[in-house]
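Have a look at the structure below before the remarks.
Residue numbers (this note's numbering): 16 to 170.
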């Protein structure tokens, strides 16, 4: 039998431990929650992508009464970025979420479908995508989306 050890290094930080660039992107992810269409879940998610050319692309979750027809904030932003700036890698992603009581204390992580889509972009360009997951009490930072999907789908 063979085995494989999987390690995921996650930095757990406070707001003041983020760089100014990371703070700015997290703020833009928080702002992006305002564009959420989430009348069913009442759970607004915002994502902000920093592209290699310095552009920031934002997205928010978009629900539909037929749940499979909705789309997560991460993929909303990613697909717009890939369509509008097809030659620009994503160098950093920030995600924030809030409910009716405000921003969450603990960060949320991307769903599996978003992880795979984000990883496809990271692999496509060969550029690691730093991920900032915002929470009011703690913030997670990983240096590559691949850390969040170690057993990725590959062809």
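All C-beta atoms, glycine included, are put in the ideal place defined by N, C-alpha and C.
May I have a chain-ordered list of the alpha helix (DSSP H) segments no shorter than 4 residues that lie completely inside the region 99–143?
127–140
Assuming residue 75 and residue 47 form a contact by the criterion Cβ under 8 angstroms, report the distance between their Cβ atoms to the nearest whole angstrom.
5 angstroms
Can you tell me whether residue 137 is buried or exposed, with buried defined as 16 or more other CB within 10 angstroms of its CB?
buried
DSSP state of residue 75, grouped into three classes?
Correct three-state label for residue 75: strand.
Looking at residue 62: is its Cβ nearer than 7 angstroms to the Cβ of residue 53?
no
From this set, 83, 166, 146, which residue's C-alpha is nearest residue 124's C-alpha?
146
Excluding the 5 residues flanking residue 126 on each side, which residues of the same chain have their C-beta closer than 7 angstroms to its C-beta?
Result list for residue 126: 87, in chain order.
C-alpha distance - residue 129 paired with residue 16, whole-angstrom precision
32 angstroms
Unbroken alpha helix (DSSP H) run spanning residue 40, endpoints
Here the alpha helix (DSSP H) through residue 40 covers 35–47.
According to DSSP, is residue 149 part of a helix, a strand, or is it coil?
coil
Would you mind working out which of 160, 107, 158 sits nearest residue 71, comparing C-alpha positions?
107
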